[in-house]
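Everything below concerns the one structure shown next.
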Amino acid sequence: MIARPLMRIGVTGCTGRMGRLLVAEVLSSPDCELAGGCDRAGSAAIGEDVAAQAGLDPVGLTVGDDAEALFRSAEVIIDCTHPAATKNHLELAARHRTILVLGTTGLESEHHAAVDAAALETVVVQASNMGVGVNLLMTLIERATAVLGPGYDVEITDIHHRGKVDSPSGTAVMLGRLVAQERHQDFAEKARNVRHGATGPRRPGDIGFAVSRGGDAVGDHMVILAGHGERIELTQRAVSRALYAQGGIRAALWARDKPPGRYSMRNVLGFT
Amino acid sequence: MKIGIVGCGGTMGRLLVQEVVAAEDCALSGGTGRPGSPLIGRDVTEQAGLKPSDLIVADDAEALFQASDAVIDLSVASAAPRHAELAAIHGVALVHGTSGLDAAQQGAVEAAAGRTAVVQSSSMSIGVNLMLELTEQVAGVLDDDYDIEIVELFHRNKADAPSGTSLALGRAAAAGRGGDLDALAIYERDGEIGPRPDGAIGFAVLRGGDSPGEHTVIFAGAGERIEIAHKASSRAIYTLGAVAAARWAVGKPAGLYSMRDVLGLA
Amino acid sequence: MGRLLVQEVARTPGCAVGGGTGRPGSAIIGRDVAEGAGMAVTADGEALFAACDVVIDFSVASVAAESAALAARHGVPLVLGTSGIGTEDQAAIAAAGSRTAIVQPVNTSLGMNVVFALVKRAAAALGTDYDIEILGQQHRKKVDAPSGATLALARAAAAGREVDLGQVEQRGRRGAIGPRPAGAIGMATVSGGDLSVIHTVFFAGTGERLELTHRGTSRAIYTRGAVVAARWALGRPPGLYSMADVLGLA
């Protein structure tokens, strides 16, 4: 049997926190090889060795600023950068038929529309959270919400490190949206982000959020389903960001033989 | 302030080197390793994953003690007497965090404390020490109507149970009530356990994943419970505590101190 | 439980208390089954099964087989919530289940049954690089450990992994225990106060952990579930059913 050639993976934003973890993960995976890494034009790291700038032994590839060249030479691009770069990356992926694993968070509807367009030409795995735990949690929450019904109030808590600037976290919002979807509700109408002072009784069907910021927590999320006389709590605690990078590689390898289309991390993990 | 690290090549040793280098008010005076170790002669900070410093890992601690204001020892019990003696001779503050000392080794540490400041503790984490203090206090305030249970969760490779910290928490709870842990502890529950004996202190041990250690002390009463929990997400908490102890100890009169003294809890 | 069940039935629309029995010689024989129900507690199981559409039995293991036999003889569905039933009695109950509908719930709370299903799903989805541990917390008077719910959670996890719990369970850890065997399912129990019942299943991996927790603060969750099971069993063809069948979670 002929062994498959190693999957060539390129990393955009390779000098960022996720970028470096991805570079490390690709280099340590026996099924992948690093096609290269790029960063935005003008970055101080342009010209440095891709692996060395990630704290590893040099591999002889330099950080470039030409995203197009990387999309052309790689089989898969893993992109965990910024929404400002997303539409360009999607277009490049479509043009060069490069598989794109899109882990960038904070996407708006225009980005999602661009994902759908690119998915006509190539494989796009779009996931704002690439970790196994959160994706399984999503499946469990859907099931629990469906079975328990509206008699159980849903509250979502999120605890993150002191440097996190958005609130609630993207993951917490996503979990809330899932609950709303399962209950055929409008999330925007049901989400309660602030409780302060004389709030009055809880409005039926509300999805409340409680947010804590402090220390160095990578991320704890809890979904509480509170009924009469009992309460169910589904919690995920992350201590390592490497999980997300591992998820990215897993998604890349899974996507290899798939037809063009839009896929989620749950497709990759088989958690539908 | 010049801080030296004995056993600088071990897991804790390397973290300590990183901690001292990162601290603004401290300077690393050097590091030692076990005689015969492949680390002897290597650059102290480079072997800890940092930029080189021109400090070389030595196999004898005498020069280290001469060059330091404080030395941190989280190495091995067998080295304790030598390090304690060197600290005493050179009037250097010693932070000693090794567990499992036998009577002779402990005696050597205590003897040194007659001549220099020694901070000795089995857990250098500020959070754990605070938790020990709080547990003893709460146990003293709440009587037997509140049942005390200690729950711990550790990574899958931890080979002993309960943890040293759980046992310390149990002792603190027992002490708070003027009792003896050995008489009150319940370590396992399986099958017909009978009703809970008054005043018992129960232990529940969970093992799995990669957690560096989480402990919860539950005071369970009628209609309410109080929980004190500590969750470590990194071993760095022990090194932070050790460096804090070193800072505190420099300039203190000779004596045997604990982390509670360092933290102002005694 | 019996008293709470009577109250639950009495306040459930569409249901009425048809009778109640007690242990022969017990002090409650002759007293009102429920306030204003106009019927007295008897020791006559035969009469009870003859008079009712469905019977709920959460009494003791020693009468479980007899209840099942009575249910079969009268063609009446039975919700049998008693624990600690021996193998022979269980065989008799199964036999009775071929002649009438018998629901044998391990736990009647909706929330706990949802957690059983979620635990099984999670255990099936996550490989053995996620260690499964179960912590049960119970009140000081409970004389056995692990609790039935803890064991049921462990069985759900084992089922998800398609292994036999008996091969992988670890109960109690003390002393030099060595590293944790891969695939083990550990159980630990906290006992104290009048703790509401709390069960947590941990899936502990490298870099992350999932926790599924159920907290029961009122026994009404069990009685409500028992009445739900009873209403479901009415008109059901003969068979031995679980709470998962009742709730559609199977």
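Residue numbers (our numbering), protein chains in the order written: chain A, 1 to 272; chain B, 1 to 266; chain C, 1 to 250. C-beta atoms are modelled at their ideal positions from N, C-alpha and C, and glycine is treated no differently.
Measure the C-alpha to C-alpha separation of B:Arg42 and A:Asp49 and round it to an integer number of angstroms. 26 angstroms
Any C-beta of chain D sitting closer than 8 angstroms to the C-beta of B:Ser233? Chain labels in this structure do not include chain D; the protein chains are A, B and C.
Going by DSSP, what residue range makes up the alpha helix (DSSP H) through A:Thr98? Per DSSP, A:Thr98 belongs to no alpha helix (DSSP H) and is neither H nor E.
Taking Cβ to Cβ, would you say B:Thr45 is nearer than 8 angstroms to B:Val21? yes
Look at the alpha carbon of A:Gly37 and the alpha carbon of A:Gly214, and state the distance between them as a whole number of angstroms. 33 angstroms
Could you check if B:Ser166 is buried or exposed, using at least 16 other CB atoms within 10 Å of its CB as the buried criterion? buried
So is B:His83 buried or exposed if we call it buried at 16+ other beta carbons inside 10 Å? buried
heavy atom of the ligand MN below 7 angstroms from A:Arg262 C-beta: With respect to the ligand MN, the structure shown offers nothing to examine, as it has no ligands at all.
Taking 8 angstroms as the CB-CB cut-off, is A:Ile232 touching chain C? yes
Is the beta carbon of C:Leu118 less than 8 angstroms from the beta carbon of A:Arg97? no
State yes or no: is the beta carbon of B:Ser211 nearer than 8 angstroms to at least one beta carbon in chain C? yes
Could one say the Cβ of C:Ala125 lies closer than 8 angstroms to chain A's Cβ atoms, at least one of them? yes
Bounding residues of the alpha helix (DSSP H) (the contiguous stretch that carries C:Met104): A small correction: the amino acid at residue 104 of chain C is Gln; Met does not occupy that position in the sequence shown. Premise fails: C:Gln104 is in no alpha helix (DSSP H) and is neither H nor E.
Closer than 8 angstroms, Cβ to Cβ, to anything on chain A: give me those residues from the segment 92-121 of chain C, in chain order. Ser109, Leu110, Gly111, Met112, Val114, Val115, Ala117, Leu118 and Arg121
Spatial distance of A:Gly133 from C:Phe49 (CA atoms): 49 angstroms
Residues in the same chain with beta-carbon distance under 8 angstroms from C:Ala220, minus the five sequence neighbours each way, listed in chain order, please. Leu4 and Glu8
For C:Thr87, does the three-state DSSP call read helix, strand or coil? helix
Do you know offhand how far A:Arg72's Cα is from C:Leu210's? 39 angstroms
According to the Cβ coordinates, are C:Thr189 and B:Arg189 closer than 8 angstroms? yes
With a threshold of 16 other CB atoms inside 10 Å of the CB of A:Thr272, please say whether the residue is buried or exposed. exposed
Give me the chain B residues within the contact set of A:Asp216, using Cβ-Cβ distance strictly less than 9 angstroms, ordered along the chain. Ser233 and Ser234
Distance check for C:Glu66 and B:Glu152, CA to CA, integer angstroms please. 44 angstroms
DSSP state of A:Ala113 mapped onto helix, strand, coil: helix
For A:Ile46, which residues in the same chain have their Cβ closer than 6 angstroms to its Cβ, ignoring the five residues on either side in sequence? Val63 and Asp65
Pick helix, strand or coil for A:Arg4, following the three-state DSSP scheme. coil
Whose C-alpha, out of A:Ala251, A:Ile78 and A:Leu178, is nearest the C-alpha of A:Met265? A:Ala251
Among all the DSSP beta bridges, which residues are the ones paired with B:Glu192? C:Asp144
Are at least three pairs of beta-carbons, each pair with one atom in the segment 230-241 of chain A and one in the segment 104-123 of chain C, less than 8 angstroms apart? yes
Just how far apart, CA to CA, sit A:Pro259 and A:Val124? 10 angstroms
Determine, using beta carbons only, whether A:Leu22 comes closer than 8 angstroms to chain C. no
Relative to the alpha-carbon of C:Gly19, which residue among C:Ala47, C:Pro13, C:Met1 and C:Met187 has its alpha-carbon at the smallest distance? C:Ala47
Do the CB positions of C:Val41 and C:Ile132 come within less than 8 angstroms of each other? no
Quick one, are the C-beta atoms of C:His199 and C:Leu240 less than 8 angstroms apart? no
Quick one, which residues of the segment 208-239 of chain C are near chain A if we go by CB-CB under 7 angstroms, in chain order? Glu208, Arg209, Leu210, Glu211, Leu212, Thr213, His214, Arg215, Gly216, Thr217, Ser218, Ala220 and Ile221
CA-to-CA distance, C:Arg231 to C:Leu247, given in whole angstroms: 12 angstroms
How big is the Cα-Cα spacing for A:Asp216 and B:Glu62? 39 angstroms
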